[in-house]
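Here is the structure we will look at.
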Amino acid sequence: MLKGLNPVLGPALLATLRAMGHGDEIALVDGNYPGEEHGRRIIRADGLGIPDVLDAVLSVLPIDHAVEQAIFRAIVPAHPEAPDPIHVRMIEICRGWEPKRPVVPLAPDDFYARVRAAHTIVQTSERALYGNIILRKGVITEP
């Protein structure tokens with residue numbers, strides 16, 4: 027345990043977030059996502075849901091402000107325009123940390139391609155289907 031850090035951020039996840047560079051992306055995925063198949067690097071977050079992991083990651087990860095879109099979520103193909111409750115919760119968490127950044131819905135093929143290209147996948151135990159989100163790392167500037 028460390029002071030000031032969310033305990034959800036275990037050693038592997040902290041090391042990965044620190045090692046990522048500007049523009050690298052990290053995918054937080056639900057328990058049904060084919061993480062082992064799609065990921066170059068995978069971190070297990072067993073027993074944790076997307077909201078807890080997302081909130082913890084955003085507490086330390088700067089989001090990229092050099093691009094127009096830096097936060098992406100999956101959609102439910104049956105109703106792509108209507109976010110599911112898990113998506114509403116993810117959007118609320120993102121707005122809490124990054125109030126001016128949109129959470130962009132991506133069609134399944136586009137989302138899968140982006141996850142495959144991501145620096146790392148964090149596989150959670152989230153049970154909500156399509157409870158997946160991608161974050162693009164930004165920079166921290168001098169004060």
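All residue numbers for the sequence shown refer to the working numbering, where the first residue is 27 and numbers rise by one.
By construction, the Cβ of each residue, glycine as well, lies at the ideal position given by its N, Cα and C atoms.
Put simply, of T146, A133 and I89 the residue whose alpha carbon is nearest the alpha carbon of T167 is I89. DSSP places A96 outside both helix and strand once states are collapsed to three, so it counts as coil.
DSSP places I89 in no alpha helix (DSSP H); its state is neither H nor E. For V148, the enclosing beta strand (DSSP E) starts and ends at T146 to T150. Nearest in C-alpha terms to L54, of all of I69, L40, M46 and R44, is I69. When the Cα atoms are used, A41 and P106 turn out to be separated by approximately 35 Å. A distance below 7 Å between beta-carbons, with the five flanking residues on each side excluded, links R115 to the following residues of its chain, in chain order: P77. Residue burial annotation: H145 is buried, with at least 16 other C-beta atoms found within 10 angstroms of its C-beta. Per DSSP, reduced to three states, the secondary structure at R70 is strand. Burial state of D135 is exposed, judged by a 10 Å Cβ sphere holding fewer than 16 other Cβ atoms.
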